[in-house]
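Residue numbers (mature numbering (1 follows the signal peptide of the UniProt record, and there is no 0)): -23 to -1, 1 to 436.
Ideal placement from N, C-alpha and C gives every residue a C-beta, glycine not left out.
Small disclaimer: the values here were computed from a predicted structure and weren't measured.
Presented below is the structure to which this report refers.
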Amino acid sequence: MRLDRSISTALLSWLVTCPAVSGAALPRADSSSHNDLESILAGHADRGDDRTSRTAAALASRIADANNQPDPGDRSMHQAWTKIESIFNHTDRADQADLFDYADGLVSLDLIPSDILSLLNGYLDWSINSIHNRNPAVPDAGIYPSKDPADAPYSVAEADLRAAIHIPESFSYGRQGKKPVILVPGTAVPAGITYHFNLGQLGHAAPEADVVWVNIPQASLRDAQENAEYVAYAINYIAALSHTSVSVISWSQGGLDTQWALKYWPSTRARVEDFIAVSPDFRGTAVRSIVCPALDLLVCTPSLWQQGWETEFIQTARADGGDSAYVPTTTIYSTFDEIVQPQSGDDASALLADAREVGVTNNHLQTVCANRPAGGIYTHEGTLYNPLTWALVIDALTHDGPGDVSRLDLDTICQQVLPEALGLDDLLGTEGILLVAVAELLLFVPKAFKEPRIADYAT
């Protein structure tokens, strides 16, 4: 998966001529807390001489050093992109590289500047990551305990399902021509911080997009079947609250959770206009060092067990037509995904079929934008700020059916590194969410030592 020289040359040309851009205003925490990235990592640094503990100690030390240093203030796109390429190529050569190695690379090469690192350090206090949101009941909607007799039963209380949905004050509830868009997070990162530096700002580029997000408890590290309940409920709840259909954008495991919800809660299908899956792992991942049992058992969680290549969960999800879309679906994925592999060719984990003829496009960044900047090294998280990703998202939301590259100005889009709505700080903040993922993996209890059993409704 090494970077092709022609891609590198195209990137260099764009980066040298692009303006220095910064990102959106950074949010403030609700309160101060000692339960931050640095303390979480430091707390796991003295639990033995294992590799995970040593890496946690190194990360904690580097974050502490960064927090005590003034921000250099001078940062460039070219500098950031060179570091991302270096991190990727270094870990790509390692036989057992995992999430901890990527996170260590981010900090050791000073990719994340001190102001953004300080912000990420307090992510647990951000209200945008809350699972205790106060949302109104919709008593006449009839969405719980089931919207349709064919729906699977919920195991989570309705109050908890509803409280996980974060609805910004700016949300229009389907009025003023706005389209509700539900953002579903991936593994080990809360939705609020996942999307803050990228698609959470979608409204700047597409004013009709009205985003909400689902903060699945424990950062989607629990049983993915339970995680999917939050997605299924959010679809029916936001649709009922807004009196309109919704669109769903997912990242990483969020694609699996959404597809599972569409499969086992069929009432959701009529309420979803578009499903846009970014870096999805519909077949799991063959990167054994990322999932259990190859990953250190000290950080193994239920959903990490489930996301191995062709696990029982994956096989169940794909059985009986689950490998085909239920609603118009756009998938977007990158060869250089460090978490999910393979992500190219006929075996790409992101691929969905279209047996129901609802409309599906599978969009491989390096194929659509071959040898151009937008087809360069975009990682698992980097696909969230890729300009082709944004163009396809907007195209899907503003047309019937899935996103279609034939409607796009690829000559312009593929020459970009970032969409116009984002800046350098957004790129850096998005890459920094891997540090949050490390913290959430260390925090998660109870650890899991085998894959959860398949729910009765799916057997």
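So what does DSSP say about residue i, is it helix, strand or coil?
i      : result
Trp367 : helix
Pro243 : helix
Ser229 : coil
Ser321 : coil
Thr306 : strand
Ile431 : coil
Phe290 : helix
Gly151 : coil
Val422 : coil
Thr436 : coil
Pro157 : strand
Ser301 : strand
Ala129 : coil
His67  : helix
Ala330 : strand
Gly359 : helix
Thr375 : helix
Leu3   : With a pLDDT of only 46 at Leu3, under the threshold of 50, the placement of this residue in the model should not be trusted; the figure read from the coordinates follows. Reduced to three states, the DSSP call for Leu3 is coil.
Ala186 : strand
Gly20  : helix
Thr164 : coil
Trp103 : coil
Val268 : coil
Asn213 : helix
Leu275 : helix
CB-CB under 8 Å to residue i, same chain, minus the five flanking residues each way: which ones, in chain order?
i           : result
Asp23       : Ser30, Ala34
Arg333      : Gly298, Ser301, Ala302, Tyr303
Glu15       : Ala37, Ile40, Ala41, Asn44, Asn98
Thr235      : Val161, Ala205, Val208, Val225, Ser227, Phe252, Ala254
Gln292      : none
Pro423      : none
Thr375      : Ala183, Glu185
Asp27       : Asp273, Leu275
Asp7        : Its pLDDT being 40, under 50, Asp7 is placed unreliably in this model, and the value from its coordinates should be taken loosely. Once the five neighbours on either side are set aside, the close Cβ partners of Asp7 are Asp102, Trp103, Ser104.
residue 455 : The question about residue 455 has no answer here: the residues shown for the chain are numbered -23 through 436.
Arg295      : Phe259, Arg260
DSSP puts residue i in a beta bridge; with which residues?
i      : result
Ile142 : Val191
Asp251 : Ser224
Thr338 : Thr307
Gly285 : Thr262
What does a CB cutoff of less than 6 Å around residue i pick up in its chain, not counting 5 residues either side in sequence?
i           : result
residue 481 : Residue 481 lies beyond the range of the chain shown here (-23 to 436); nothing can be said about it.
Ala271      : Arg265
Asp13       : Asn98, Gly99
Gly406      : Ile93, Phe174
His67       : none
Pro167      : Asn106, Asn192, Ala196
Asp128      : Trp242, Ser244
Ala118      : Ala217
How about residue i and residue j: are their beta carbons less than 8 Å apart?
i      : j      : result
Ile431 : Phe290 : yes
Leu399 : Gln178 : yes
Asn340 : Thr389 : no
Val191 : Ala216 : no
Gly201 : Trp242 : The amino acid at residue 201 is misidentified as Gly; the sequence shows Ala. Cβ atoms of Ala201 and Trp242: not closer than 8 Å.
Val276 : Leu412 : no
Thr32  : Asp87  : no
Leu76  : Ala416 : no
Ile170 : Ile410 : yes
Gly231 : Gly163 : yes
Val188 : Ile142 : no
Asn110 : Ile159 : no
Ser256 : Pro157 : no
Asn213 : Ile120 : yes
Pro319 : Ala247 : no
Ser229 : Asp258 : yes
Using a Cβ-Cβ cut-off of 7 Å (strictly less than) and excluding sequence neighbours within five positions of residue i, which residues of its own chain qualify?
i      : result
Glu287 : Arg260, Gly261
Gly378 : Pro305, Gly336
Ala1   : With a pLDDT of 49 at Ala1, under the threshold of 50, the modelled position of that residue is not reliable, and the figure given next carries that caveat. Cβ neighbours of Ala1 beyond the five flanking positions: Gln178, Asp403.
Tyr79  : Ile64, Thr68, Glu315, Leu411
Asp372 : Gly380, Asp381, Arg384, Leu385
Thr436 : none
Tyr172 : Leu160, Trp190
Ala57  : Leu88, Leu401, Leu404, Leu405
Consider the C-beta atom of residue i and the heavy atoms of the ligand GTP; say whether any pair is separated by less than 7 Å.
i      : result
Arg152 : As for the ligand GTP, it is missing from this structure, which has no ligand bound.
Please report the Cβ distance between residue i and residue j, rounded to the nearest whole angstrom; I am assuming they are in contact, meaning their Cβ atoms lie under 8 Å.
i      : j      : result
Leu361 : Leu176 : 6 Å
Leu198 : Phe421 : 5 Å
Ser222 : Asp125 : That belief does not hold up - the Cβ atoms of Ser222 and Asp125 are roughly 16 Å apart, past 8 Å.
Leu328 : Leu342 : So it is not a contact: roughly 14 Å between Cβ atoms.
Pro122 : Tyr434 : Not confirmed; about 13 Å, so no contact.
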